[in-house]
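In what follows, a single structure is set out as structure tokens and then discussed.
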Amino acid sequence: MDGLDVRLIDLFSAEPRIGVLEASRRLGVARGTVQARLDRLVERGVVTGWGPDLSPAALGYPVTAFLTLEIRQDVGTPVAGEAPGASGHDLVGEHLARIAEVLEVHTITGAGDLFARVVACSNADLQRVIDRVLAHPAITRSSTVIALATQVGYRTLPLARVAAAVGG
């Protein structure tokens with residue numbers, strides 16, 4: 121990553137529909153340079169997608185909550201639709217992936233085994249989402265916190281700038 125990569129990422133983050141030709145004009149570099157840089161960033165896994173960022177709140181899901189899940193590690197028999205021979209983490213992950221309101225799940229260290237970000241239409245609807253999450257037999261315990269406000273939303277541009285500054 122270098123300064124041009126960051127400028128390119130900044131530009132496409134601000135205006136994702138800009139196009140390679142217009143980006144080259146604005147950045148003052150050849151169209152081929154922009155395309156080659158974008159291709160390299162995608163190939164290296166730095167740029168992971170070009171789709172629109174969606175707002176769960178605007179889609180009717182204004183409640184965000186975080187669930188810490190504890191699971192049994194010795195799960196032997198998968199439930200319907202799960203891969204045989206998978207670990208407890210994998211089986212629960214497959215279960216959670218089938219719930220649309222589950223936005224992301226991470227295996228964690230500490231008090232729990234998995235950390236999930238979920239959304240719901242209301243606090244009452246959150247109970248329905250939690251009940252669906254807890255329907256898997258490998259989940260033994262959970263705790264939930266509801267987000268009241270977002271102080272810093274998910275972001276990666278500052279990280280890209282730091283990576284470029286240190287020669288990442």
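Residues 121 to 288 in my numbering are what the sequence shown lists, from first letter to last.
Here a beta-carbon is modelled for each residue, glycine too, at the ideal position from N, C-alpha and C.
Comparing alpha-carbon positions, which option in the options lies nearest residue i?
i      : options                           : result
Val166 : Glu142, Gly213 and Ile129         : Ile129
Gly273 : Ala231, Pro176, Ala240 and Thr168 : Pro176
Val253 : Ala269, Ser242, Leu234 and Leu268 : Leu234
Thr264 : His256, Ser242, Arg164 and Arg237 : Arg237
Arg137 : Asp173, Val239, Ala269 and Gly232 : Asp173
Asp194 : Val212, Gly180, Ala178 and Leu179 : Val212
Which of the three DSSP states, helix, strand or coil, is assigned to residue i?
i      : result
Val282 : helix
Leu187 : strand
Glu142 : helix
Arg127 : helix
Ile259 : strand
Thr153 : helix
Glu224 : strand
Ile266 : strand
Leu179 : coil
Val162 : helix
Val272 : coil
Val167 : coil
Ala217 : helix
Ala236 : strand
Gln193 : coil
Ala231 : coil
Expressed to the nearest angstrom, what Euclidean distance is found between the alpha-carbon atoms of residue i and residue j?
i      : j      : result
Gln271 : Glu135 : 23 Å
Ala284 : Leu131 : 15 Å
His215 : Thr188 : 15 Å
Met121 : Val222 : 32 Å
Gly287 : Leu161 : 14 Å
Arg248 : Thr184 : 13 Å
With a threshold of 8 Å on Cβ separation, who are the neighbours of residue i within its own chain once the five nearest residues in sequence on each side are excluded?
i      : result
Val140 : Arg151, Val154, Gln155 and Leu158
Tell me which same chain residues have a C-beta within less than 7 Å of the C-beta of residue i, skipping the five on either side of it?
i      : result
Arg192 : Gly208, Ala258 and Thr260
Arg281 : Val126
Segment contact flag, the stretch 207 to 215 with the stretch 269 to 284, C-beta cutoff 8 Å, min 3 pairs: The stretch 207 to 215 makes no contact with the stretch 269 to 284: fewer than 3 CB pairs, one atom from each, lie closer than 8 Å.
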